[in-house]
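One structure is given here, and the rest of the page talks about it.
Residue numbers (the working numbering), protein chains in the order written: chain E, 6 to 227; chain L, 646 to 1024.
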């Protein structure tokens, strides 16, 4: 059992969720409410990682993270280190790859709120912030939870993008999914089976807990 | 400075804009008064309600309530909905689905000290006869009960004006009657202006002190229901109020006496003719209650008052009442009136039969000043 790989996977998934939670909320709400010409373009950009082959996405990210590319060069200047083959690099890649999973369910949830609910809240004396906090957030909660669940599970299972950007550096960029592949390559089927079972268990428990949280409500949309 | 009793609590609205939703609306509603905005779909009723609530900002005009300006386009003043103290019941109620009835109401009690809110919410729910259901979610309530929660939430805000947007349209007939009755009773307890938007004319007539007829964002006429139904200001208003008997006639003088010439008939009119120049072509209206059927073979004294003869071209029996439509030889205009079905049978009324009726002179309402070309085109 490669405990270092499990730790990298869990850290990566948790951090991806943590960063994408506010991003998904802000972007999802903005896309649900805004009416502007370039909206379909923005939605297409958000959805792009969903349809792109992971190796293609990984390839572009790897190129973008390189010293010759503006992003890679900027990062080098700011931090003194590169992005490729680092944990930060795979975290950034994971954020990009998971953007649609974090944004789309939240956007749908915000879209499902009838506009006059917000207006009813204002007319009841609630400020826009109170309306967001007490009306909108509780109503999008199931969408938010499913966004987090999808992001978490997808990050645990991500393979192509991580391999392209991070390689398989022990304790740094080798995730459980990559470790399993390495074990199989080395004809260590027992090791691969143990880790696969572990990944399965972690994924199942996480999703179970998350759906339990989302489903525990008496109300439904009228 | 003490407020004038006249303006105390009064809501006054005057809004104008060319588009995107055209508006040319002016009306007032006194404290304790129920004003019904009536008009077809798309006449701007709901837009006006939203403008009063601060949810829609028109291009020009002003809205004031209880002497305080809520909206004044000239001064660039537009108070936010939170600052207006408006109670609003939306057409679909807009209850918060994740909150119980009690919490829905409690949310509107921001002006009450936190410790007292729960008890106050219960009081409001009891007031709309929902005691015992405070812990239910909207999805667990019936349509009528949801409407009551919405009303309790609107009133809990202790609003200075109550706005009702088609509040009875989503419930069944029996519930609607009951809710309408309760609203009529509730009105005695709250002395604020109430503006009701409805496309149900019967509902408006039954509940409102005054009606305001709207079309294309324009307020055409406002007044007590009885007054509007007898004296519509124009053929357009008559049509919007589902009044049928609008005709065109000409003012004539015979032997020094003014008459209204309608086809071959020279009609006496109780009032209004003197003010109109001879030869004027004008629209006139007669409430169907002022059409009196002549009984066959039994002439009575009233028969001499404006008798006209036509042919029954349509007879529709709806329960105990029969709706009779008469056609005339002199034109395409038709006269419609209701009589008891048994009376129609006794008089042998049937399609194709010739009938004579009296048009009561006191009921004839003249509508001068309307351009015939414009109206005849639209009717």
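Idealized CB from N, CA, C, for every residue including glycine.
Just so it is clear, the structure is predicted and the values come from calculations on it, not from any experiment.
Just the Cα atoms here: how many angstroms apart are residue i and residue j?
i	j	result
residue 810(L)	residue 845(L)	12 Å
residue 934(L)	residue 968(L)	12 Å
residue 648(L)	residue 730(L)	For residue 648(L), the predicted structure reports a pLDDT of 46, less than 50, and the residue's modelled location is therefore unreliable. A value from the coordinates is still provided. Those two C-alpha atoms are separated by around 19 Å.
residue 39(E)	residue 26(E)	20 Å
residue 189(E)	residue 183(E)	10 Å
residue 919(L)	residue 903(L)	7 Å
residue 998(L)	residue 924(L)	34 Å
residue 979(L)	residue 821(L)	34 Å
residue 80(E)	residue 111(E)	30 Å
residue 2(E)	residue 64(E)	This structure does not reach residue 2(E), given that chain E is present from 6 up to 227, and the question cannot be answered.
residue 744(L)	residue 1014(L)	56 Å
residue 748(L)	residue 773(L)	15 Å
residue 106(E)	residue 210(E)	19 Å
residue 1024(L)	residue 932(L)	Note on residue 1024(L): pLDDT 43, under 50, position unreliable in the model; no value is reported.
residue 227(E)	residue 741(L)	Note that residue 227(E) scores 44 on pLDDT, short of 50, meaning its location in the model is unreliable; the coordinates nonetheless yield the value given after this. Whole-angstrom Cα-Cα distance: 9 Å.
residue 716(L)	residue 710(L)	10 Å
residue 21(E)	residue 201(E)	21 Å
residue 775(L)	residue 762(L)	17 Å
residue 987(L)	residue 970(L)	17 Å
residue 83(E)	residue 801(L)	56 Å
residue 646(L)	residue 837(L)	Annotation note: pLDDT 42 at residue 646(L) (below 50); position unreliable, coordinate value reported separately. One C-alpha to the other measures close to 21 Å.
residue 939(L)	residue 1002(L)	5 Å
residue 1026(L)	residue 665(L)	Residue 1026(L) lies beyond the stretch modelled for chain L, which goes from 646 to 1024, so this question has no answer here.
residue 794(L)	residue 205(E)	47 Å
residue 984(L)	residue 828(L)	32 Å
residue 758(L)	residue 813(L)	33 Å
residue 900(L)	residue 1008(L)	23 Å
residue 909(L)	residue 885(L)	29 Å
residue 136(E)	residue 127(E)	7 Å
residue 887(L)	residue 964(L)	20 Å
residue 1022(L)	residue 789(L)	With a pLDDT of 44 at residue 1022(L), under the threshold of 50, the predicted position of this residue should be treated as unreliable, though the coordinate-derived value follows. C-alpha separation (whole angstroms): 43 Å.
residue 928(L)	residue 880(L)	7 Å
residue 739(L)	residue 121(E)	6 Å
residue 159(E)	residue 87(E)	25 Å
residue 714(L)	residue 708(L)	6 Å
residue 905(L)	residue 703(L)	44 Å
residue 830(L)	residue 770(L)	16 Å
residue 129(E)	residue 781(L)	20 Å
Take residue i as the anchor and find which of the options has the nearest alpha-carbon.
i	options	result
residue 936(L)	860(L), 818(L), 982(L) and 892(L)	982(L)
residue 8(E)	219(E), 175(E) and 164(E)	175(E)
residue 653(L)	806(L), 1012(L) and 894(L)	806(L)
residue 1000(L)	960(L), 1007(L) and 965(L)	960(L)
residue 62(E)	28(E), 81(E) and 164(E)	164(E)
residue 145(E)	161(E), 117(E) and 44(E)	117(E)
residue 955(L)	975(L), 965(L) and 794(L)	975(L)
residue 169(E)	136(E), 89(E), 215(E) and 103(E)	89(E)
residue 966(L)	990(L), 751(L) and 859(L)	990(L)
residue 76(E)	59(E), 56(E) and 97(E)	97(E)
residue 766(L)	750(L), 681(L) and 930(L)	750(L)
residue 995(L)	898(L), 719(L), 957(L) and 855(L)	957(L)
residue 858(L)	676(L), 689(L), 677(L) and 663(L)	689(L)
residue 1012(L)	841(L), 941(L) and 875(L)	875(L)
residue 723(L)	733(L), 732(L), 736(L) and 696(L)	696(L)
residue 670(L)	683(L), 679(L), 678(L) and 676(L)	683(L)
residue 52(E)	33(E), 141(E) and 151(E)	33(E)
residue 18(E)	196(E), 154(E) and 173(E)	154(E)
residue 152(E)	36(E), 42(E) and 215(E)	215(E)
Our contact map puts residue i next to residue j with C-beta atoms below 8 Å; I'd like the distance itself, whole angstroms only.
i	j	result
residue 706(L)	residue 660(L)	4 Å
residue 656(L)	residue 674(L)	5 Å
residue 882(L)	residue 866(L)	5 Å
residue 23(E)	residue 54(E)	At roughly 19 Å, the Cβ-Cβ gap does not stay under 8 Å, so residue 23(E) and residue 54(E) are not in contact.
residue 156(E)	residue 92(E)	That belief does not hold up - the Cβ atoms of residue 156(E) and residue 92(E) are roughly 17 Å apart, past 8 Å.
residue 610(L)	residue 778(L)	Nothing about residue 610(L) can be reported from this structure: the residues present for chain L run from 646 to 1024 only.
Fill in: Those runs of the beta strand (DSSP E) which lie wholly inside the stretch 950 to 998 of chain L and span at least 3 residues
Scanning the stretch 950 to 998 of chain L for uninterrupted beta strand (DSSP E) segments of 3 residues or longer gives 952 to 963, 966 to 973 and 976 to 985, listed from N- to C-terminal end.
Worksheet item: Residue ranges of each beta strand (DSSP E) run of no fewer than 3 residues wholly in the stretch 817 to 870 of chain L, ordered along the chain?
Response: The stretch 817 to 870 of chain L contains, as complete beta strand (DSSP E) runs of 3+ residues, the segments 839 to 843, 855 to 860 and 863 to 868 (chain order).
Worksheet entry | Residues, ordered as in the chain, of the stretch 750 to 768 of chain L that lie near chain E by beta-carbon distance below 8 Å | Listed by position along the chain: 752, 753, 755 and 756.
Fill in: Segments assigned alpha helix (DSSP H), at least 4 residues, entirely inside the stretch 43 to 100 of chain E
With a minimum length of 4 residues, the continuous alpha helix (DSSP H) runs that stay inside the stretch 43 to 100 of chain E are 44 to 56, 59 to 70 and 75 to 84.
Fill in: Interface positions of the stretch 962 to 978 of chain L facing chain E (Cβ-Cβ less than 9 Å), listed along the chain
With the criterion set as a beta carbon lying under 9 Å from some beta carbon of chain E, the stretch 962 to 978 of chain L has no members that meet it.
Worksheet item: Which runs of the alpha helix (DSSP H) fall wholly inside the stretch 768 to 817 of chain L and span at least 4 residues, in chain order?
Response: Under the rule that a run must span 4 or more residues, the alpha helix (DSSP H) segments found entirely inside the stretch 768 to 817 of chain L read 788 to 801.
Worksheet item: Between the stretch 94 to 126 of chain E and chain L, which residues of the former have CB atoms less than 8 Å from a CB of the latter, in chain order?
Response: Contact annotation: in the stretch 94 to 126 of chain E, residues whose CB is within less than 8 Å of a CB in chain L are 119, 121, 122, 124, 125 and 126.
Worksheet item: Could you give the uninterrupted runs of the alpha helix (DSSP H) lying entirely in the stretch 143 to 180 of chain E, keeping only those of 4 residues or more?
Response: DSSP runs (the alpha helix (DSSP H)) wholly in the stretch 143 to 180 of chain E: 165 to 171.
Practice prompt. Compile a chain-ordered list of the residues in the stretch 792 to 811 of chain L whose CB is closer than 9 Å to at least one CB of chain E.
Written response: Residues 795, 798, 799, 801, 802, 804 and 808.
Item to complete: Starting from the N-terminal side, write out each stretch of the alpha helix (DSSP H) that is 4 residues or longer and does not extend beyond the stretch 109 to 143 of chain E.
Response: Fully enclosed alpha helix (DSSP H) runs of 4 or longer: 120 to 128 and 133 to 136.
Fill in: Interface positions of the stretch 722 to 736 of chain L facing chain E (Cβ-Cβ less than 7 Å), listed along the chain
Those residues of the stretch 722 to 736 of chain L that come within reach of chain E (Cβ to Cβ, closer than 7 Å) are 726, 727, 731, 733 and 735.
Discussion item. Output needed in chain order: residues of the stretch 680 to 705 of chain L with a Cβ under 7 Å from some Cβ in chain E.
Written reply: In summary, the residues of the stretch 680 to 705 of chain L whose CB is separated from some CB of chain E by less than 7 Å are 698 and 700, in the order they occur in the chain.
Discussion item. Residues of the stretch 123 to 150 of chain E in Cβ contact with chain L at a cutoff of 8 Å, in chain order, please.
Written reply: Per Cβ criterion, the list reads 124, 125, 126, 127, 128, 129, 130, 131, 132, 139, 140, 143 and 144.
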